[in-house]
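Peer 1:
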Amino acid sequence: MQTQTLERMESDVRTYSRSFPVVFTKAQNARLTDEEGREYIDFLAGAGTLNYGHNNPHIKQALVDYLASDGIVHGLDFWTAAKRDYLETLEELILKPRGLEYKVHFPGPTGTNAVEAAIRLARVATGRHNIVTFTNGFHGVTMGALATTGNRKFREATGGIPTQGASFLPFDGYMGEGIDTLDYFEKLLGDKSGGLDVPAAVIVETVQGEGGINVSGLEWLKRLEGICRDNDILLIVDDIQAGCGRTGKFFSFEHAGVTPDIVTNSKSLSGFGLPFAHVLMRPELDKWKPGQYNGTFRGFNLAFTTAAATLRKYWSDDSFERDVQRKGRVVADRFQKLATWLTEQGIEASERGRGLMRGIDVGSGDIADRITAKAFENGLVIETSGQDGEVVKCLCPLTITDEDLLEGLDILEASAKQALS
Numbered sequence: 001m002q003t004q005t006l007e008r009m010e011s012d013v014r015t016y017s018r019s020f021p022v023v024f025t026k027a028q029n030a031r032l033t034d035e036e037g038r039e040y041i042d043f044l045a046g047a048g049t050l051n052y053g054h055n056n057p058h059i060k061q062a063l064v065d066y067l068a069s070d071g072i073v074h075g076l077d078f079w080t081a082a083k084r085d086y087l088e089t090l091e092e093l094i095l096k097p098r099g100l101e102y103k104v105h106f107p108g109p110t111g112t113n114a115v116e117a118a119i120r121l122a123r124v125a126t127g128r129h130n131i132v133t134f135t136n137g138f139h140g141v142t143m144g145a146l147a148t149t150g151n152r153k154f155r156e157a158t159g160g161i162p163t164q165g166a167s168f169l170p171f172d173g174y175m176g177e178g179i180d181t182l183d184y185f186e187k188l189l190g191d192k193s194g195g196l197d198v199p200a201a202v203i204v205e206t207v208q209g210e211g212g213i214n215v216s217g218l219e220w221l222k223r224l225e226g227i228c229r230d231n232d233i234l235l236i237v238d239d240i241q242a243g244c245g246r247t248g249k250f251f252s253f254e255h256a257g258v259t260p261d262i263v264t265n266s267k268s269l270s271g272f273g274l275p276f277a278h279v280l281m282r283p284e285l286d287k288w289k290p291g292q293y294n295g296t297f298r299g300f301n302l303a304f305t306t307a308a309a310t311l312r313k314y315w316s317d318d319s320f321e322r323d324v325q326r327k328g329r330v331v332a333d334r335f336q337k338l339a340t341w342l343t344e345q346g347i348e349a350s351e352r353g354r355g356l357m358r359g360i361d362v363g364s365g366d367i368a369d370r371i372t373a374k375a376f377e378n379g380l381v382i383e384t385s386g387q388d389g390e391v392v393k394c395l396c397p398l399t400i401t402d403e404d405l406l407e408g409l410d411i412l413e414a415s416a417k418q419a420l421s
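187 is the number that the working numbering gives to position 187 of the sequence shown; each next residue is one higher, with no gaps.
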């Protein structure tokens, strides 16, 4: 396998190619193929970017047809037929059925663009600067988003430039069982000497992906929404990894019945792995002046096209989300059994997650790395997350076949036993 040019020319910042050191050449749904013809089952799915699988034929056909028609590809924020089709489809299939009324901001193609826009919008709309964020949260690595990201590895990469404008509070479960961390938040808000500047907004992931598949309780989320409402604080839900069906609902916050003021989406939003992001906001929050937040690639019409096709194919009724929830129960059951086996071997392990966003905490990054490395040897691509990489994380395509799902779980189980034998 020819990797010399890649190793010589690509920056040392690369990560995934270190864990999976092969040259991939093609992919279909939940299977990757390398240049030697070996197939792998994909439980990574572009870190949650390929919820609908690799080269989904329904979405690909919409893309091919659009390109063949000489449709607008790059359009800044021109009005285009592709943009109109996406917005109408989003409104009819996603927003209206959920009783949501949002305006849509296209800030640029990545998740961190969306987070930057969301927190700046909150500041513009409220006239306040502070953003409350949570331990183990990950919101991006540009400077504004980085200020709300907990992982020290990313924060130390600024070269010593301090991040500003955010206050960290403990996420649900951070202080252990039986402790409601929102008591601390409420106490600080009610104490003028508590040191917490009244926030413009709170930003939260309902399931922390990079943080280790930490799941917020539904009652905790409802209480957080209530605190925000009572104190005139905007609630931003970062649904970049947990959204687009990953937890078994299109928006991850639907499980709790909350209504955020602002929502960020990216990753699987295009449905095809094309860069695409948007910010949803309550109409009265749209305080932007023309051009105040922009980006050269904020009008990526190929992504509008594939995103609209995705919504029509998978979100016209509830059959797809019910199937995701079913598969999520399969993974949860197998992960729980594996966690029980690991615990019996003296490795305290636990399963957690929601929908098809699931993980096994094995307590050690070294152990998790041994398991995932062995899994790759056996034909499964799967990564880790958590502050020390101690959580083996499943982000398989939502469209994965039952056969591939079960085979991937079998490989993971066998790999764990081999790695620890």
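Even glycine gets a Cβ: it sits at the ideal position worked out from N, Cα and C.
Remember, it's a predicted structure, so these values are computed and weren't measured experimentally.
Where does Gln208 fall in DSSP's three states?
Peer 2: Gln208 falls in the strand class under three-state DSSP.
Peer 1: Can you tell me which of the three DSSP states Ser424 falls into?
Peer 2: Because the chain spans 1 through 421 in this model, residue 424 falls outside it and cannot be assessed.
Peer 1: Please state whether the Cβ-Cβ distance between Val198 and Arg128 is less than 8 Å.
Peer 2: Contact: yes.
Peer 1: Tell me whether His139 sits in a helix, a strand or coil according to DSSP, three-state version.
Peer 2: coil
Peer 1: With a threshold of 7 Å on Cβ separation, who are the neighbours of Phe20 within its own chain once the five nearest residues in sequence on each side are excluded?
Peer 2: Phe376 and Val381
Peer 1: Please return the same chain residues whose Cβ sits closer than 7 Å to the Cβ of Leu44, not counting the five positions on each side in sequence.
Peer 2: Val381, Ile382, Glu383 and Leu395
Peer 1: Helix, strand or coil for His129 per DSSP?
Peer 2: coil
Peer 1: Just checking my contact of Phe185 with Thr135 at CB under 8 Å: how many whole Å lie between their CB atoms?
Peer 2: Going by Cβ atoms, the distance from Phe185 to Thr135 rounds to 12 Å, so no, they are not a contact pair.
Peer 1: I'd like to confirm the pairing. Which residues does DSSP put opposite Tyr293 in its beta bridges?
Peer 2: According to DSSP, Tyr293 bridges with nothing at all.
Peer 1: Between the segment 261–272 and the segment 303–311, do at least 3 Cβ pairs fall closer than 8 Å?
Peer 2: yes
Peer 1: Could you give the C-beta distance for Asp239 and Thr264, rounded to a whole number, given that I count them as a contact under 8 Å?
Peer 2: 6 Å
Peer 1: Going straight from the alpha carbon of Ala332 to that of Gly160, what length do you get?
Peer 2: 41 Å
Peer 1: Considering Cα atoms alone, identify which of Asp410, Thr310, Lys267 and Val391 is closest to Gly111.
Peer 2: Lys267
Peer 1: From this set, Ala242, Ser364, Val124 and Asp286, which residue's C-alpha is nearest Glu422's C-alpha?
Peer 2: Residue numbering for the chain in the displayed model covers 1 to 421; residue 422 lies beyond these limits and cannot be assessed.
Peer 1: The alpha helix (DSSP H) spanning Gln4 covers which residue range?
Peer 2: DSSP places Gln4 in the uninterrupted alpha helix (DSSP H) bounded by Gln4 to Met9.
Peer 1: Run through DSSP, which three-state label would Gly53 get?
Peer 2: coil
Peer 1: If you drop the 5 nearest sequence neighbours on each side, which residues of the same chain put their C-beta closer than 6 Å to that of Arg282?
Peer 2: Asp261
Peer 1: Going residue by residue through the segment 68–127, where are the continuous alpha helix (DSSP H) segments of at least 4 residues, counting only ones entirely within it?
Peer 2: 81–90 and 111–126
Peer 1: From the DSSP output, in three-state form, read off Arg282 for me.
Peer 2: coil
Peer 1: Could you have a look at Lys287 and say whether DSSP puts it in helix, strand or coil?
Peer 2: coil
Peer 1: Can you list, in chain order, the residues of its chain whose CB lies under 8 Å from that of Ala125, leaving out five sequence neighbours each side?
Peer 2: So the qualifying residues of the chain are Ala200, Leu234, Leu285 and Lys287.
Peer 1: Based on the DSSP secondary-structure assignment, which residues constitute the bridge partners of Ile236?
Peer 2: Per DSSP, Ile203 and Ile262.
Peer 1: DSSP three-state label for Thr25, please.
Peer 2: strand
Peer 1: Find the nearest neighbour of Leu196 within the set Ala166, Gly217, Pro290 and Glu219, judged by alpha-carbon distance.
Peer 2: Ala166
Peer 1: Reducing DSSP to helix, strand and coil, say where Gly46 ends up.
Peer 2: The answer is helix: DSSP assigns Gly46 an H, G or I state.
Peer 1: My output table needs one value for Leu302: the three-state DSSP class, helix, strand or coil.
Peer 2: Note: Leu302 maps to helix in three-state DSSP.
Peer 1: Just list the alpha helix (DSSP H) runs in the segment 349–385, keeping only unbroken ones of 4 residues or longer that don't cross its boundaries, in chain order.
Peer 2: 365–377
Peer 1: Quick one: using the 10 Å Cβ neighbour count with 16 as the cut-off for buried, is Asp172 buried or exposed?
Peer 2: buried
Peer 1: For my contact list, Ile367 and Asn29 are in at a C-beta cut-off of 8 Å; report their separation, rounded to the angstrom.
Peer 2: Incorrect: roughly 30 Å between the Cβ atoms, too far for contact.
Peer 1: My understanding is that Arg246 touches Leu356, with C-beta atoms under 8 Å, so please give their C-beta distance in whole angstroms.
Peer 2: 6 Å
Peer 1: For Asn151, which option in Glu210, Ile41 and Asp34 has the closest C-alpha, if you only look at C-alpha atoms?
Peer 2: Glu210
Peer 1: Between Gln336 and Gly248, what straight-line distance do the alpha-carbon atoms span, to the nearest angstrom?
Peer 2: It is roughly 19 Å from the alpha-carbon of Gln336 to the alpha-carbon of Gly248.
Peer 1: Please state whether DSSP places Val198 in a helix, a strand or coil.
Peer 2: If DSSP states are grouped into helix, strand and coil, Val198 belongs with coil.
Peer 1: Taking C-beta to C-beta, are Pro397 and Asn113 nearer than 8 Å?
Peer 2: no
Peer 1: Whole angstroms is fine: what's the gap from Gly48's alpha carbon to Lys103's?
Peer 2: 25 Å
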